[in-house]
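Oh and the first sequence: position 150 is 161 in the numbering used here, straight run, nothing missing. Ideal Cβ placement from N, Cα and C applies to all residues, glycine included. Some notes on the structure that comes next.
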Amino acid sequence: MKGFVQPLEKQFFECPTLLLAEKLLGKILVRRMPDDLMLKGRIVETEAYLGYGDEACHAWRGKTERNGMMFAEPGRLYVYFTYGNHYMLNIVSEPEHTAGAVLLRALEPLEGESFMRERRGTSLATNLMSGPGKLTRAMAIDLGCNGRSLFGGEFSVEDAPELPEEAIGTSARVGITRSRDLPWRKFIIGNPHLSRGRVSG
DNA sequence: AGCGTGATCTTT
DNA sequence: AAGATCACGCTG
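Put into structure tokens, the structure is as follows:
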């Protein structure tokens, strides 16, 4: 059928976390809401977090109630609450029982913008989902979404053409104090919907 | 550059 | 039980 896009399947997510952080750039996060409302955003900025050897990762000291979902199989959502205000959305990576996830830091709105504008209280497109807390707000993602699968219909990631190597930028991760030096942030160079972290490098 | 806001984790 | 930390966003 024309216009019907197949969601990415499990195998896509079965790769090392850092590689997944890069492969997700340009792909489209989809949430199917009640009443035929579709929310879509192109992934333009990600960060990799690994349970082993990465002190910035919630799971670096082992499994707890909060970070438990990071140990699940690839392709599930890890959502957590922070700073008393914000939900952060991650896609779980690495095999089951191994902690890893890709934080989605910024999306470019593609569908459902009026819903997003209302939730965000702003109309500027580049301000709707240009940050990890903003995008969960815009897409109404909270702790109830923790553990949801990307293969169950409600949430999915749509395929899109692979980006050329030169379109992808790399930098240190934003807003962390430990393991600052690791260059595990990936983004689409020059995209206007990036987070406040940095726009080009 | 400063602060709100509250859960989680560490230290007493 | 108390204190520090925090993968942020907004105001100024």
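Within 10 Å of its beta-carbon, does residue i have 16 or more other beta-carbons around it, so buried, or fewer, so exposed?
i: Asp213; result: A question about residue 213 goes unanswered here, because the residues of the chain that appear run from 12 up to 212.
i: Ser211; result: At Ser211, the pLDDT of 47 sits below 50, so the modelled position is not reliable; the number obtained from the coordinates is stated separately. By the 10 Å Cβ count, Ser211 comes out exposed.
i: Ser134; result: exposed
i: Ser125; result: exposed
i: Lys21; result: exposed
Determine, using beta carbons only, whether residue i and residue j come nearer to each other than 8 Å.
i: Pro194; j: Ala178; result: no
i: Pro85; j: Leu114; result: no
i: Thr57; j: Phe82; result: no
i: Pro18; j: Val168; result: yes
Once DSSP output is grouped into helix, strand and coil, what is the label at residue i?
i: Gly212; result: Its pLDDT being 37, under 50, Gly212 is placed unreliably by the model, and the measurement read from it follows with that caveat. Coil at Gly212, not helix or strand.
i: Arg207; result: coil
i: Asn202; result: coil
i: Lys21; result: helix
i: Gly164; result: coil
i: Glu33; result: helix
i: Lys145; result: helix
Can you give, in chain order, each stretch of the beta strand (DSSP E) that sits fully within the region 70-133 and has at least 3 residues?
Listed in chain order, they are 88-93, 97-103 and 111-122.
If we count Cβ pairs, one from each stretch, closer than 8 Å, do we get three or more for the region 164-178 versus the region 33-42?
At 8 Å Cβ cutoff, the stretches touch.
Pair every Cβ in the region 43-52 with every Cβ in the region 89-105, then say whether three or more of these pairs are closer than 8 Å.
The way I'd put it, the region 43-52 doesn't touch the region 89-105; fewer than three beta-carbon pairs between them come closer than 8 Å.
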